[in-house]
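Here the protein sequences come in this chain order: C and P. Per this note's numbering, the first sequence starts with residue 1, numbered consecutively. Per this note's numbering, the second sequence starts with residue 1001, numbered consecutively. Quick notes on the structure that follows.
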Amino acid sequence: MDIEAKVKQIIMDKLGVEESQIVPEANFIEDLRADSLDTVELVMAFEDEFGIQIQDEDQEKLRTVGQSIDYLKKRLAE
Amino acid sequence: MMKEVTMKFDFSGKNVVVTGSARGIGFAIAGAYAACQATTFVLDLNQEQVNQAVEKLCNQGYKAFGYVANVTDPSSLESTFKDIIEKHQSIDVLINNAGITKDNLLLRMKSEEWQSVLSVNLNGTHFCTQQVCKYMLKQRSGVILNIASVIGMMGNAGQANYAASKGGIIAYTKACAKEFASRGIRVNAIAPGFIETEMTSRLPQEVVDNYAKAIPLARMGKPIDIANLCLFLTDEISSYITGQTIAVDGGLTMY
């Protein structure tokens, strides 16, 4: 499974949303009805799945599906 | 008497972790859960004491496992809880019971006496909660119970460090209850009054007599009195109670 598919799967599992809602511009809090604890749990799930540490200052930048996928692709390419 | 009460609760299939449970109130709590069919995890500092506690429980036919863990050391806790999850899949109940006293009048209190009591009692409660809540959030269920003290509500001369740590636990309990409520995780605190344990046996008789005079029920409590409330507060029958501190103190504190 590629990074994008894994990220989408995690978002579906964590937020209980349909795959069709997970578009790049979808904002976790505004569009996918996540609360602040959900966003932290999402980041922790990304960390577990991809075996990386995501610093607090980076977490704040991961507000949308697209931002998360781009960030993870960049981190995993390092 | 203990059996009469505890038998009414059924914790079979539940994994219950009790910190500081090789002796004292913690051991009574661990014993009560074990008697209610829980899989009980005894966490404490000393290997020999942990082994003895687990052996006592297993000899009664209960399911118990021991871990040597230091609540002031997050990395030791991380590996302990990870191991429990790997072998037993869930942590359903966490009882933050580990606690110490180092009494001294404020003027004479050494920095080490202040730091170590805050470190074990308050930091320890936080570190264990932080590790376990990761799993409970994923499970979307769990109950956390913090053992505070009436001293954290009313203060006590010579126990500024202990009072601060236990008062901190009461406030911490409320913050956690609010943070985790939406995920089905409840957090409550119990404030024991004067309970017959090794910790209170070190108190001078004069102090004990004076306290007994202030207790409406005119006697000290027993560890099982605390354990019984633990069972109630972590059973589903108390599913509408969160963020509360309940005193088990013979009526010592009434506001």
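Don't be surprised by glycine CBs; every beta carbon is placed ideally from N, CA and C.
Neighbour-count burial assignment, P/Lys1110, 16 or more Cβ in a 10 Å radius = Locating residue 1110 of chain P in the second sequence gives position 110, counting from the first residue. A residue is called buried when at least 16 other Cβ atoms come within 10 angstroms of its Cβ; P/Lys1110 does not meet this threshold and is exposed.
task = Compare the Cα-Cα distances from C/Asp58 to each of C/Leu76, C/Phe50, C/Tyr71 and report the closest residue.
result = For the purposes of this step, residue 58 of chain C is taken as residue 58 along the first sequence, with counting starting at 1. Per the Cα distances, C/Tyr71.
Other residues of its chain near P/Glu1113: CB distance less than 7 Å, five sequence neighbours each side excluded = Your numbering for residue 1113 of chain P matches position 113 in the second sequence. When the five nearest sequence neighbours on each side are left out, the beta carbons in the same chain lying within less than 7 Å of the beta carbon of P/Glu1113 are those of Lys1102, Asn1104, Asn1161, in order along the chain.
inquiry  = Comparing C-alpha positions only, which one of P/Phe1041, P/Ala1035, P/Lys1008, P/Asp1010 sits nearest to P/Ala1022?
reply    = As a first step, residue 1022 of chain P is located in the second sequence; it is residue number 22 there, counting from the start. Ranking P/Phe1041, P/Ala1035, P/Lys1008, P/Asp1010 by Cα distance to P/Ala1022 puts P/Phe1041 first.
message = At the level of alpha carbons, what is the spacing between P/Asn1123 and P/Asn1070?
response = Residue numbering aside, residue 1123 of chain P sits at position 123 when the second sequence is read from its first letter. Residue numbering aside, residue 1070 of chain P sits at position 70 when the second sequence is read from its first letter. Using only the alpha carbons, I get a separation of about 11 Å.
query = When you compare each of P/Thr1234, P/Tyr1255, P/Ser1239, P/Ala1247 to P/Asp1092 by their alpha carbons, which one comes out closest?
reply = In the second sequence, the residue the question calls residue 1092 of chain P occupies position 92. Of P/Thr1234, P/Tyr1255, P/Ser1239, P/Ala1247, the residue nearest in Cα terms is P/Thr1234.
task = Give a yes or no on whether 8 Å exceeds the smallest Cβ distance from C/Asp2 to chain P.
result = Indexing the first sequence from 1 puts residue 2 of chain C at position 2. Not closer than 8 Å to any Cβ of chain P, the Cβ of C/Asp2 fails to qualify, so no.
ask   = Touching or not, the segment 1136-1144 of chain P and the segment 1077-1093 of chain P, by the rule of three or more beta carbon pairs under 8 Å?
value = With the cut-off at 8 Å, the segment 1136-1144 of chain P and the segment 1077-1093 of chain P touch.
Delimiting residues of the alpha helix (DSSP H) encompassing P/Pro1223 = Locating residue 1223 of chain P in the second sequence gives position 223, where the first residue counts as 1. P/Pro1223 -> alpha helix (DSSP H) spans 1223-1234.
P/Ser1182 and C/Asp2 closer than 8 Å at C-beta = Along the second sequence, read from residue 1 onward, the residue named residue 1182 of chain P stands at position 182. Along the first sequence, read from residue 1 onward, the residue named residue 2 of chain C stands at position 2. Result no, Cβ atoms of P/Ser1182 and C/Asp2 do not sit closer than 8 Å.
query = With 8 Å set as the bound, which would you pick, yes or no: does the beta-carbon of C/Asp13 sit closer than that to a beta-carbon of chain P?
reply = As a working mapping, residue 13 of chain C is identified with position 13 in the first sequence. Not closer than 8 Å to any Cβ of chain P, the Cβ of C/Asp13 fails to qualify, so no.
query = Given that a residue counts as buried once 16 or more other Cβ atoms are within 10 Å of its Cβ, and exposed if not, what is P/Tyr1211?
reply = Here residue 1211 of chain P refers to the residue found at position 211 when the second sequence is read from its first residue. By the neighbour-count rule (16 or more Cβ atoms within 10 Å), P/Tyr1211 is buried.
Neighbour-count burial assignment, P/Ser1149, 16 or more Cβ in a 10 Å radius = Here residue 1149 of chain P corresponds to residue number 149 of the second sequence, with the count starting at 1. So P/Ser1149 counts as buried.
task = Indicate whether P/Ala1032 and P/Leu1203 have their beta-carbon atoms separated by less than 8 Å.
result = Reading the second sequence from its first residue, position 32 is the one you call residue 1032 of chain P. Reading the second sequence from its first residue, position 203 is the one you call residue 1203 of chain P. Going by C-beta atoms, P/Ala1032 is not nearer than 8 Å to P/Leu1203.
task = For P/Ala1064, name the three-state secondary structure that DSSP assigns.
result = Here residue 1064 of chain P refers to the residue found at position 64 of the second sequence. In the three-state reduction of the DSSP assignment, P/Ala1064 falls in the strand class.
key: Coil, strand or helix - C/Phe50 by DSSP   = Residue numbering aside, residue 50 of chain C sits at position 50 when the first sequence is read from its first letter. Residue state, collapsed to three classes: helix.
request  = Please decide whether P/Leu1252 counts as near chain C, where near means a Cβ-Cβ distance under 8 Å.
outcome  = Translated into the one-based positions of the second sequence, residue 1252 of chain P becomes position 252. Not closer than 8 Å to any Cβ of chain C, the Cβ of P/Leu1252 fails to qualify, so no.
ask   = Is P/Leu1137 close to chain C, meaning its C-beta is less than 8 Å from at least one C-beta of that chain?
value = Start at 1 with the first residue of the second sequence, and residue 1137 of chain P comes out as number 137. Yes, its Cβ sits closer than 8 Å to a Cβ of chain C.
request  = Return the bridge partner residues of P/Thr1019 from the DSSP annotation.
outcome  = Here residue 1019 of chain P refers to the residue found at position 19 of the second sequence. Bridge pairing for P/Thr1019: P/Leu1043 [DSSP].
query = If you count every other CB in all the chains shown that lies within 10 Å of the CB of C/Ile11, and 16 or more means buried, which is it?
reply = In the first sequence, residue 11 of chain C corresponds to position 11, counting from 1. Answer is buried; the Cβ neighbour count reaches 16.
task = Please confirm whether C/Lys6 and C/Ile22 have their CB atoms less than 8 Å apart.
result = By one-based count along the first sequence, residue 6 of chain C stands at place 6. By one-based count along the first sequence, residue 22 of chain C stands at place 22. No, Cβ-Cβ distance for C/Lys6 and C/Ile22 is not below 8 Å.
ask   = What does P/Ala1098 pair with, by DSSP beta-bridge criteria?
value = Reading the second sequence from its first residue, position 98 is the one you call residue 1098 of chain P. According to DSSP, P/Ala1098 bridges with nothing at all.
request  = Report whether the distance from the Cβ of P/Ala1191 to the nearest heavy atom of the ligand NAD is below 7 Å.
outcome  = This structure simply doesn't include the ligand NAD, nor any ligand for that matter.
message = Using 8 Å for Cβ pairs, my map puts P/Val1187 next to P/Ala1171. What's the rounded Cβ distance?
response = The residue given as residue 1187 of chain P occupies position 187 in the second sequence. The residue given as residue 1171 of chain P occupies position 171 in the second sequence. At roughly 12 Å, the Cβ-Cβ gap does not stay under 8 Å, so P/Val1187 and P/Ala1171 are not in contact.
query = Mind checking whether P/Asn1121 and P/Val1018 have CB atoms under 8 Å apart?
reply = The sequence position of residue 1121 of chain P within the second sequence is 121, counting from 1. The sequence position of residue 1018 of chain P within the second sequence is 18, counting from 1. The beta carbons of P/Asn1121 and P/Val1018 sit no closer together than 8 Å.
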